[in-house]
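Data block below; observations after.
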Amino acid sequence: MLDIGERIRQLRMQKNLTQGDLVKNTFSITYLSRIENGQINPSQSFLKEMSKRLKVSMDDLLGENPIHREERVTLLFDKFFSSIMLSDEELSFLHINAKEIHSPDTLIKIYGTLLSYYLIHKNMNEAEKIFTLSVHMLPDPIEDVDTKSLMYYYNACGSYFHFIQLYHRSDDYFTKAVSLTDNRMTIDNARVFHNTSLAKQLVMGDQTLISYYTTKAYHISKSLDSSEMLARLFIIQGLQYYTNRNYEESLKKLNHAREMTNPTNLKVQASIDYNVGKAHRGLGHFEAAIESYKKSIELNNETNEIEGTVDAYKELALIYINKRLWKEANVYLSNALKLAKEFNLYYMMIELGYIEASVHKVRGNDMTYEKEMQKTIDKGMNYEQYTLVRHMARELGDYFYEWRAYKKAASFFKLALDNGVDLTYSE
């Protein structure tokens, strides 16, 4: 059990308060520091003031009544996943208990709730802290816990890794989550099947398995008349047709998605516009594609959807590279790279590095192409971007083979083979 000083320190840090902020106009920083370091016990008046400023009850601040705390964790877990809301006091309560000694079942509920909360609010720094803490605090393997709670936790972990574009890890967690679903027609099950389908779309080439999860999610969503989930599934189907180069069918599915989507749902509308742009690019309708990508960027900016914005910038860069309009291409590549690095979008950092290297090849800068490709492959291995590594290694192997540099070619062909199943990569 955390002592009172450490509990106060953890709450203060969670709220991004300095020691001076917390005791302003009441107590000295020295007094607070000695309490946080466990050198002295706090006075009753100090505890009352901290309870008020940290927005937490006195019982919770003192860590009293452990049975009541575990019961409250369950209530907050149920409340959050039905309403997606937590008050400041409830958030503080969960943070206090995140490092306490509780049963695995209670800890799973705490971490699943907090991780989901921070993902919804796009606070990736806090999300990373909660995920890392959960790995250190939870038993391995996780056993004898509530199945629903564990499914929510795995789904949140999968969503976290999807956001930072570590797609193989995301797929691992979504696969664990889907193994915990039952036969009920619930929106929770539909979401897990949807997420698993999306993850596998990004890490494997077997469209049969992807289609299986998409179909499962579709049947549940249709039975529940969930138009938003149906729209998301039509987007995935559109992506599947795009991957198979059936661009006309892709557009049809995306039009179905738009028909199902509320015009005020800007996030889904932006995703539709982005994928419509990809289908138009596949058909060679570059002006229509540019228009769709720019619409997607505009909507993503309104909802602060960084990943979608970076994707659209990348696609615009590819169009202008195809047109040999280097100045415009460089603007969009630079914009995409800046955001990808700022928000640690690992997949996109590697893909953009690959595109930059490819531009050097087009311009005849072979030495720079070789150097940048090898550097990007190394980064891809460090960032676990095995899909892209395989594609780049295979391309670089072909390049060296054509130049009769057979030893180098062999090393890159081996690297391609070492990095998993043969994945379909499409720009």
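Numbering (this note's numbering), first residue to last: 121 to 547.
Glycine included, every Cβ here is placed at the ideal spot set by N, Cα and C.
Suppose you measure from the CA of residue 547 to the CA of residue 238; what does that come to, to the nearest Å?
Translated into positions along the sequence shown, residue 547 becomes position 427. Translated into positions along the sequence shown, residue 238 becomes position 118. Caution applies to residue 547, whose pLDDT of 47 falls short of 50 and renders its modelled position unreliable; the value that the coordinates give is listed next. Going by the C-alpha atoms only, they are around 31 Å apart.
Should residue 211 be labelled buried (16 or more other beta-carbon atoms within 10 Å of its own) or exposed?
Counting from 1 along the sequence shown, the entry for residue 211 is found at position 91. The residue in question, residue 211, is buried, as its Cβ has 16 or more Cβ neighbours within 10 Å.
Can you tell me which of 194, 467, 189, 134 puts its alpha carbon nearest to the alpha carbon of residue 173?
Within the sequence shown, the letter at position 53 stands for residue 173. Ranking 194, 467, 189, 134 by CA distance to the CA of residue 173 puts 134 first.
From residue 297 to residue 504, what distance separates their C-alpha atoms?
Position 177 of the sequence shown, counting from 1, holds the residue named residue 297. Position 384 of the sequence shown, counting from 1, holds the residue named residue 504. Straight-line Cα distance between these residues: approximately 21 Å.
Can you name the start and end residues of the alpha helix (DSSP H) that residue 262 belongs to?
In the sequence shown, the residue the question calls residue 262 occupies position 142. Looking at the DSSP string, residue 262 is not in any alpha helix (DSSP H), and its letter there is neither H nor E.
Using a 10 Å radius around the Cβ and a threshold of 16 neighbouring Cβ atoms, would you call residue 328 buried or exposed?
Here the question's residue 328 lines up with position 208 in the sequence shown. Exposed, because fewer than 16 other Cβ atoms sit within 10 Å of the Cβ of residue 328.
Within 10 angstroms of the Cβ of residue 160, are there 16 or more other Cβ atoms? Answer buried if so, exposed if not.
Start at 1 with the first residue of the sequence shown, and residue 160 comes out as number 40. By the 10 Å Cβ count, residue 160 comes out exposed.
If we ignore side chains and look at the alpha-carbon of each, how far apart do residue 456 and residue 287 end up?
Within the sequence shown, residue 456 is the residue found at index 336, counting from 1. Within the sequence shown, residue 287 is the residue found at index 167, counting from 1. So the two alpha carbons sit approximately 19 Å from each other.
Would you kindly check if the distance between the Cβ of residue 390 and the Cβ of residue 354 is under 7 Å?
Numbered from its first residue, the sequence shown carries residue 354 at position 234. Numbered from its first residue, the sequence shown carries residue 390 at position 270. The answer is no: Cβ separation not under 7 Å.
Going by Cα to Cα distance, which pick from 171, 322, 316, 310 is closest to residue 346?
On the sequence shown, position 226 is the one that residue 346 refers to. Comparing Cα positions, the closest option is 310.
Give a yes or no on whether the C-beta atoms belonging to residue 164 and residue 152 are separated by under 7 Å.
As a first step, residue 164 is located in the sequence shown; it is residue number 44 there, counting from the start. As a first step, residue 152 is located in the sequence shown; it is residue number 32 there, counting from the start. No, the Cβ-Cβ distance between residue 164 and residue 152 is not below 7 Å.
Can you grab the Cα-Cα spacing for the pair residue 545 / residue 214, in whole Å?
As a working note, residue 545 is residue 425 in the sequence shown. As a working note, residue 214 is residue 94 in the sequence shown. No answer about residue 545 holds up, because its pLDDT of 43 lies below 50 and its placement is not dependable.
Hey, out of 313, 292, 462, whose CA is closest to residue 323's CA?
Position 203 of the sequence shown holds residue 323. Nearest option by C-alpha distance: 292.
How long is the line joining the alpha carbons of residue 447 and residue 136, rounded to whole angstroms?
Taking the first residue of the sequence shown as 1, we reach residue 447 at position 327. Taking the first residue of the sequence shown as 1, we reach residue 136 at position 16. Roughly 42 Å between the two C-alpha positions.
Suppose contacts are defined by Cβ-Cβ distances below 7 Å. Is residue 409 in contact with residue 367 by that definition?
The residue given as residue 409 occupies position 289 in the sequence shown. The residue given as residue 367 occupies position 247 in the sequence shown. Result no, Cβ atoms of residue 409 and residue 367 do not sit closer than 7 Å.
Would residue 349 and residue 341 be called neighbours here (beta carbons separated by less than 7 Å)?
Taking the sequence shown and counting its residues from 1, the one referred to as residue 349 is at position 229. Taking the sequence shown and counting its residues from 1, the one referred to as residue 341 is at position 221. A contact, by the Cβ cut-off of 7 Å.
Is the beta carbon of residue 460 closer than 7 Å to that of residue 430?
Residue numbering aside, residue 430 sits at position 310 when the sequence shown is read from its first letter. Residue numbering aside, residue 460 sits at position 340 when the sequence shown is read from its first letter. Yes, these two residues count as a Cβ contact at 7 Å.
Measure the alpha-carbon distance for residue 462 versus residue 289 and round it to whole angstroms.
Counted from its first residue, the sequence shown places residue 462 at position 342. Counted from its first residue, the sequence shown places residue 289 at position 169. Roughly 21 Å between the two C-alpha positions.
Can you name the start and end residues of the alpha helix (DSSP H) that residue 430 belongs to?
As a first step, residue 430 is located in the sequence shown; it is residue number 310 there, counting from the start. Here the alpha helix (DSSP H) through residue 430 covers 426-442.
Alpha carbon to alpha carbon, how far is residue 205 from residue 516?
As a position in the sequence shown, residue 205 is number 85, starting the count at 1. As a position in the sequence shown, residue 516 is number 396, starting the count at 1. When rounded, the distance between both Cα atoms is 49 Å.
Apart from the five residues just before and just after residue 432, which ones in its own chain have a Cβ nearer than 6 Å to its Cβ?
To locate residue 432, count along the sequence shown from 1; it is residue 312. Contacts found: 394, 413, 416, 417.
Could you tell me if residue 260 is buried or exposed, where buried requires 16 or more neighbouring beta carbons within 10 angstroms of its beta carbon?
Start at 1 with the first residue of the sequence shown, and residue 260 comes out as number 140. Looking at its Cβ environment, which holds fewer than 16 other Cβ atoms inside 10 Å, residue 260 is exposed.
Any Cβ of chain D within less than 7 Å of the Cβ of residue 350?
Protein chains in the displayed structure number just one, and chain D is not present.
With a CB to CB cut of under 7 Å and the five nearest residues on each side skipped, what residues in its chain are close to residue 270?
The residue you call residue 270 lines up with position 150 of the sequence shown. Here the set comprises 228, 262, 300.
Fully enclosed by the region 284-342, which alpha helix (DSSP H) runs are 4 residues long or longer?
Fully enclosed alpha helix (DSSP H) runs of 4 or longer: 287-298, 307-323.
I need the boundaries of the alpha helix (DSSP H) containing residue 346, first residue and last residue.
On the sequence shown, residue 346 is found 226 positions in, with the first residue counted as 1. Residue 346 -> no alpha helix (DSSP H), and no H or E assigned at all.
Leaving out the 5 sequence neighbours to the left and right, which residues in its chain are closer than 8 Å to residue 513 when beta-carbon positions are compared?
Position 393 of the sequence shown holds residue 513. Excluding residues within five positions, the ones whose Cβ falls inside 8 Å are 497, 532, 533, 535, 536, 539.
Please check the pair residue 254 and residue 231, which I expect to be a contact at CB under 8 Å, by giving their CB distance rounded to whole angstroms.
Position 134 of the sequence shown, counted from the start, is the residue given in the question as residue 254. Position 111 of the sequence shown, counted from the start, is the residue given in the question as residue 231. Contact holds; Cβ gap of about 4 Å.
When burial is assigned at 16 or more other CB atoms within 10 Å of the CB, is residue 180 buried or exposed?
One-based indexing of the sequence shown puts residue 180 at position 60. When all chains shown are included, residue 180 counts as buried.
Determine the direct distance from the alpha carbon of residue 452 to that of residue 401, and round the result to whole angstroms.
Reading the sequence shown from its first residue, position 281 is the one you call residue 401. Reading the sequence shown from its first residue, position 332 is the one you call residue 452. Rounded to whole angstroms, residue 401 to residue 452 spans 16 Å at the Cα level.
What are the boundary residues of the alpha helix (DSSP H) that residue 480 is part of?
Within the sequence shown, residue 480 is the residue found at index 360, counting from 1. Taken as a continuous stretch (DSSP letters only), the alpha helix (DSSP H) holding residue 480 covers 466-482.
My output table needs one value for residue 224: the three-state DSSP class, helix, strand or coil.
To locate residue 224, count along the sequence shown from 1; it is residue 104. Note: residue 224 maps to helix in three-state DSSP.
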